[in-house]
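Take a look at the structure set out below.
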Amino acid sequence: MNSYRESIAEVLFDESRISAAIDEMAAAIARDFSGEPILVVGVLKGALFAFTDLVRAIARRPNGPSDLSVETIWASSYGNATRSSGEVQLRKDVAGSIRGRNVLLVDDIVDNGLTMQYLRELLVQRAPARLRTAALLEKPERRLVNVRLDYVGLRCPNAFVVGYGLDYRELYRNLPIIARLKPESFAPEN
Ligand code: 5GP
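Here the working numbering is used: the first residue of the sequence shown is 964, the next is one more, and so on.
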């Protein structure tokens, strides 16, 4: 028994569910970009795990993109550990030009939608050929902005979740599952 299990209230998505969701997203992406080059941009740090699993799943599909390149971008919103303030800060940009390229932006979770909206608008100004968005998880109930989401893996209940890249104060990213934490696992907020 791993010690992290003591902090978890409920496993929402286990490894096989996550992997099936990634495979479904990969199938749709491979179909939509069949025979075309694509640049997949992962949003640090939360999407790291979904991003790397997704690009490998795309590569396994027959008749997928002709070439696949990867880049990362790092955005974070100010706020406390479980609630975003809605103000997004760009910490690291993509390297190189995306002008005239097919770009797929991959984030971990779309909650109020402001991070994805900010990143989408940032990249769209640079005139990519096609810009598509993907999120492993979305919380439809919490949406504040109607940002375009082309590929969604799993619908998440209105709860703060950790695991598979998602953290609470930089912990739990390494969990292979996505889970809700027990209330006593949260530090008192100040
Ligand atoms: P949004 O701007 O859509 O509200 O939030 C996007 C970012 O907030 C995500 O990329 C993620 O970093 C963080 N976030 C939103 N909901 C959760 C959650 O339930 N758990 C964790 N660990 N991070 C979340």
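Note that the Cβ used here is the ideal one computed from N, Cα and C, for glycine as well. Note that the coordinates shown come from a computational prediction; the quantities given were computed from them, not determined experimentally.
Thr1078 has its Cβ nearer than 7 Å to a heavy atom of the ligand 5GP.
Counting along the chain, the unbroken beta strand (DSSP E) around Glu973 starts and ends at Ile971 to Phe976. Collapsing the DSSP output to three states places Pro1151 in coil. In this structure, Ile992 has its beta carbon at no less than 7 Å from each heavy atom of the ligand 5GP. Here Asp1071 is actually not in contact with Val1003; their C-beta atoms are around 14 Å apart, not less than 8 Å. The alpha-carbon separation between Val1124 and Met1079 amounts to approximately 18 Å. For Ser1040, the distance from the CB to the nearest heavy atom of the ligand 5GP is below 7 Å. Put simply, the region 1138-1148 touches the region 1110-1124. At least three CB pairs are less than 8 Å apart. With contacts defined as CB atoms closer than 8 Å, Asp986 and Ala1020 qualify as a contacting pair. For Asp1016, the enclosing alpha helix (DSSP H) stretches over residues Leu1011 to Arg1023. When the beta-carbon positions are compared, Tyr1127 and Ala1013 come within less than 8 Å of each other.
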